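Enquirer: For the record, the sequence lines run as chains W and S. Anchor point for the first sequence: position 37 equals 37 in the working numbering, and the numbering is continuous, going up by one each time. Each position in the second sequence, counted from 1, maps to that position plus 1000 in the working numbering. From the three backbone atoms N, C-alpha and C, an ideal C-beta is built for every residue, glycine too. These numbers were taken from a predicted model, which means no experiment stands behind them.
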Amino acid sequence: MTTLITGGSKCGKSRFAESLLLSHSGQRRYLATMQPFGADAERAIARHREMRAGKGFSTTEQYTDLHRLMLPPHCGVLLECLCNLTANEMFREDPAPDVLRHIMRGIRHLQLQAEQLVIVTGQVGSDGIRYPAETDAYIALLGAVSRETAALADAVYECVYGIPVLLKGAASC
Amino acid sequence: MMLLTGGAYQGKTAYLLKNLPDIVCTDGETCSFSEAEHAQCINHYHALIRRLFEAQEDPAAWTARYCDAHPDGIILLNETGCGIIPLDSAERRLRELTGICGCIVAEHAQTVIRITCGIPSAIKGDLP
């Protein structure tokens, strides 16, 4: 089962994503994509670690190349998040020739291995601001990654101030 | 409590006044903090969050106190978090705080209504 969760900034996506895996009886793996650059990232990482504490997740830091990851059987996986993953893949020194295909290959690879896969993405295209071409290309790529992932997912939710709104599939909680 | 949310100019105020025509609504953009503290209904709550933040108050603690004191309170709050992370660190923090405060209100609320193009959807509880 694959679930995609989207939403805006600090809208409770992670908390909801974690809650979906709490009933999973196999191993729980947290795939962290945020690179610890700067005070803000460190604060966000610390906040997320605190939120996950006691929930039985083991953490793997995987900033790029999800297709290389090998998971144990019957694993419940939380991938957080496509926003960072997309930025990491897009702005790395040696990006893949087709970044979208490269990211989707990694996501399908996880989907094949995990018993439960919960993926967090973000809504970044609704502020109406015209950005420089590079940022605009990032918004477009993240949009494409999110759309393709939603197509692969059994359920898709949008979190609105902590409330999960079901957009696709049947409610899993 | 009730939370009315959605993007800017989607019809939150009109929806409120249609359903509760006699409601006295405090404007978070202009009211004093003590006025807001005692208000039954606060419009433009995102503006109040910004003003509290600029006055170096803790908007999350303020929001939690308001929710505890007003089980029948009504909050109108724009959705502001669906964009690129701002470059300016204060704007970044403010955007996060708006999300955090929104979650606090939504958790306390029995009813959360999201209004898009004037159309209400109850995302928690039922439409009045």
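State the Cα-Cα distance for the pair LEU166 (chain W) and MET1 (chain W), rounded to the nearest angstrom.
Expert: Here the C-alpha atom of LEU166 (chain W) lies approximately 15 Å from the C-alpha atom of MET1 (chain W).
Enquirer: Identify each residue in the region 11-23 of chain W for which the Cβ-Cβ distance to at least one residue of chain S is less than 8 Å, and report them in chain order.
Expert: Of all residues in the region 11-23 of chain W, those with a C-beta nearer than 8 Å to a C-beta of chain S are CYS11 and GLY12, reading in chain order.
Enquirer: Which partner residues of MET1002 (chain S) appear in the DSSP bridge assignment?
Expert: Beta-bridge pairing links MET1002 (chain S) to S:ILE1074 and S:THR1111.
Enquirer: With H, G and I counted as helix, E and B as strand and the rest as coil, what does DSSP make of GLU18 (chain W)?
Expert: Reduced to three states, the DSSP call for GLU18 (chain W) is helix.
Enquirer: Check whether chain W comes within 8 Å of THR1111 (chain S), counting only Cβ atoms and requiring the distance to be less than that.
Expert: no
Enquirer: Looking only at its own chain, which residues have a Cβ that is under 7 Å from the Cβ of ARG52 (chain W), when we skip the five neighbours before and after it?
Expert: GLU18 and TYR30
Enquirer: From the DSSP secondary-structure annotation, give me the bridge partner or partners of GLN116 (chain W).
Expert: Partner(s): W:GLY76.
Enquirer: Mind listing which residues of the region 119-152 of chain W have their C-beta closer than 9 Å to chain S's C-betas, in chain order?
Expert: GLY122, GLN123, VAL124, GLY125, SER126, ASP127, GLY128, ILE129, TYR131, THR135, TYR138 and ILE139
Enquirer: Based on DSSP bridge pairs, tell me the residues matched to LYS1124 (chain S).
Expert: S:VAL1112
Enquirer: Return helix, strand or coil for ILE1042 (chain S), following the three-state DSSP convention.
Expert: strand
Enquirer: Give me the chain S residues within the contact set of ILE163 (chain W), using Cβ-Cβ distance strictly less than 8 Å, ordered along the chain.
Expert: ALA1106, VAL1112, ILE1123 and LYS1124
Enquirer: Go through its chain and collect everything with a Cβ distance to ARG1092 (chain S)'s Cβ below 7 Å, but skip five positions before and after it.
Expert: ILE1085 and PRO1086
Enquirer: Between PHE1053 (chain S) and LEU1097 (chain S), is the Cβ-Cβ spacing less than 8 Å?
Expert: yes
Enquirer: Hey, would you say GLN1010 (chain S) sits closer than 8 Å to GLY1099 (chain S), going by beta carbons?
Expert: no
Enquirer: Straight-line CA distance for TYR131 (chain W) to GLY8 (chain W)?
Expert: 18 Å
Enquirer: Which ranges does the beta strand (DSSP E) cover as unbroken runs of at least 3 residues, wholly within the region 102-156 of chain W, from first to last along the chain?
Expert: Whole beta strand (DSSP E) segments, 3+ residues: 116-120.
Enquirer: Expressed to the nearest angstrom, what Euclidean distance is found between the alpha-carbon atoms of GLY234 (chain W) and PRO72 (chain W)?
Expert: The structure shown does not extend to residue 234 (chain W), since chain W spans only 1 to 173, so no value can be given for it.
Enquirer: Within the chosen definition, does the region 38-58 of chain W reach the region 93-101 of chain W through at least 3 CB pairs nearer than 8 Å?
Expert: no
Enquirer: Thinking C-beta only, is ILE1115 (chain S) closer than 8 Å to TYR1015 (chain S)?
Expert: Yes. Within cutoff.
Enquirer: Is the region 105-116 of chain W in contact with the region 155-162 of chain W, if contact means three or more CB pairs nearer than 8 Å?
Expert: no
Enquirer: Assign THR60 (chain W) to one of two classes, buried (16 or more other C-beta atoms within 10 Å of its C-beta) or exposed (fewer than that).
Expert: exposed
Enquirer: In the region 34-90 of chain W, which residue ranges form an unbroken beta strand (DSSP E) of at least 3 residues, counting only runs that do not cross its ends?
Expert: 57-61 and 76-80
Enquirer: Enumerate in chain order the residues of its own chain whose CB-to-CB distance from LYS13 (chain W) is below 6 Å, with the five nearest sequence positions on each side excluded.
Expert: ILE5, GLY7, VAL120 and CYS159
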